[in-house]
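If you use mature numbering (1 follows the signal peptide of the UniProt record, and there is no 0), the sequence shown corresponds to residues -42 to -1, 1 to 393, in order.
We put the CB at the ideal spot given by N, CA and C, even for glycine.
Everything numeric in this text was worked out from a predicted model, so none of it was measured.
Beneath this line is the structure, given in structure tokens, with notes to follow.
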Amino acid sequence: MKHRGRHRRRRRGRALRAALTGAALALTGAATLISASQATVADDPGSLKPLTSAADTDALRLTEHRVPAPWLDRLSGAMGEPVGVDAVLDSADRTLRDAADCTAGEREALPVSPAATRAYCWDRADTEGWLPGAVTTSGDADEDGTWGAHRVVLSAWSRDDGTPQGGLARVSFVDADDPGRLSYTSALLTVPVDGGHDYRGLASPVTGMVWYQDKLLVTTAAGDRDALYVYEMDRVQRATTAASAVGRVPGGWAAAGHRYVLPAVASYRLPDTAGAARPGAISLDRGTTPATLVASERVAADGDRPTRLWRYPLSTDPDRGGLPATDTAGHVDAVEAYETGAAEVGGVLSHRPAGAARADWYLDRTAGGHDGRGTLWRQDTEGARATECGSDGSQRCWSGQAGSLSYWARTGEVWSQSGSMLFALPLRSIEDALD
């Protein structure tokens, strides 16, 4: 269902093709050689093993907790009328640098093969002390790829601020209308407390993120009982002071120096059982009916169990737009689940090619104990294959700090983030590298 007040816009085909070509040329100097330590063939994760027992699927169940509407109303009543994405983008005052203007050290984070066709690096002064997290786009939010009149990329960041609460998380709103000039500003992710009289920062790195309809779903790291938080894109609040504190302060509302605040509207809790699966990386799959939230967990390379992959159905109820589907008890159950031999999974995608009987799963794995680069795998129930690069057939071709994967169906691009680099490449180029 289209968001109120938005309208369709034709794709900017020529501008996109020009940007893809220009950035591809800028990347070739930074990603052509692979060290001998990377030439070893990566461990094959094998085929996906379906999980069907009740014990397996119960470990994937989440329970919904909605923030009471009076809390949100009280917060907006005190802070002022919420604003939308357009207002945030209109105030974007920082600019990402094109790959050609990034340092060689920054470009080292990019994959070797397949190579990124668009890449940008962040304002160093703005991101110092912050760690990059997940990525999603307006291509997830709506099938036409736009939000209102805008093409938008969202990028998550986190930092340890030295407080007992443990840190802060924010989302940068990137105006991607002009591929040659991406500008952005950021909003702090928060959680309402004290009946909506205050809020606290989301004290966790954002390991996964999906923008679906008017909701932003983000996953958190271990240490938070709630594994998934939901934010509403029409509930962006303006901070009223530039103070470094978070929440209500004398004279107004602070967001650690940010101009905007996103208060959570719901959270989803892990089961209180041993072996509960925490969603790490997530992405959207529109190829299922209904659309599904695809998830993977993060298991260390020296872990003693396989990694689990699964999907949650998203609700088709108009009153629950953008939220996972729940039963009458508020439980969210997985509708498909697998085990994989892949470890250190940083990003996951599920995509069914036209005419195919089943979906392929794409996993990017960090370098782990190996120096340099990670690996990008495609898996199904019959086996696995990795992209290769170099004359020796090395499979360590991906970015070392493997990040989340987000597929923009309208443009055919996969977006990701590694180090200080935000980048995109066609899904077709991944397929070509695999086949």
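Taking a 10 Å sphere around the C-beta of Glu371, we find 16 or more other C-beta atoms and assign the residue as buried.
The alpha-carbon separation between Arg269 and Pro208 amounts to approximately 45 Å. Taking 8 Å as the upper bound for CB-CB distance, Arg193 and Leu220 are in contact here, some 7 Å apart.
Within 10 angstroms of the beta-carbon of Asp262 lie fewer than 16 other beta-carbons, which makes it exposed. By the neighbour-count definition (other C-beta atoms within 10 Å, threshold 16), Thr333 is a buried residue. Here Thr21 carries a strand assignment [DSSP, helix/strand/coil].
Here Ala292 has Thr15, Leu18, Trp268, Arg269 and Tyr270 as same chain residues with Cβ atoms under 7 Å from its own Cβ, once five neighbours each way along the sequence are excluded. Residue pairing by DSSP places Glu190 opposite Lys173 in a beta bridge. Cβ contact annotation for Asp31 (same chain, cutoff 8 Å, sequence separation greater than five): Gly154, in chain order. Taking a C-beta distance under 8 Å as the contact criterion, Glu302 and Ala258 qualify as a contact pair.
Annotation for Ala224: the continuous beta strand (DSSP E) segment containing it runs Tyr218 to Arg227. Assigned with DSSP and collapsed to three states, Trp29 falls in helix.
Per the C-alpha coordinates, the member of Arg196, Ala382, Asp51 and Ser71 positioned closest to Thr345 is Ser71. A distance below 6 Å between beta-carbons, with the five flanking residues on each side excluded, links Ala92 to the following residues of its chain, in chain order: Ala114, Val164, Gly166, Met167 and Ser362. Shown here, Gly341 sits in a strand according to DSSP, grouped into three states. Contact annotation: Ala367 and Trp373 have beta-carbon atoms that are not nearer than 8 Å. A distance below 7 Å between beta-carbons, with the five flanking residues on each side excluded, links Asp2 to the following residues of its chain, in chain order: Ala342. Ranking Thr339, Arg109 and Gly313 by CA distance to the CA of Gly4 puts Thr339 first.
Where Asp393 is concerned, there is no enclosing alpha helix (DSSP H), because DSSP gives it neither an H nor an E.
Its chain contains Val207 and Ala212 as the residues whose beta carbon lies nearer than 7 Å to that of Ala201, once the 5 sequence neighbours on both sides are disregarded; these appear in chain order. CA-CA distance, Gly313 to Ala360, rounds to 30 Å.
In the DSSP assignment, Leu146 falls within the unbroken beta strand (DSSP E) covering Ser141 to Val151. Taking Ala180 as the centre and dropping the five residues before and after it, the same chain places the C-beta of Arg236 closer than 8 Å to its C-beta, in chain order.
Assignment of Ala185 by DSSP, reduced to helix, strand and coil, places it in the strand class. Note on Gly358: 16 or more other CB atoms within 10 angstroms of its CB, so buried under the neighbour-count rule.
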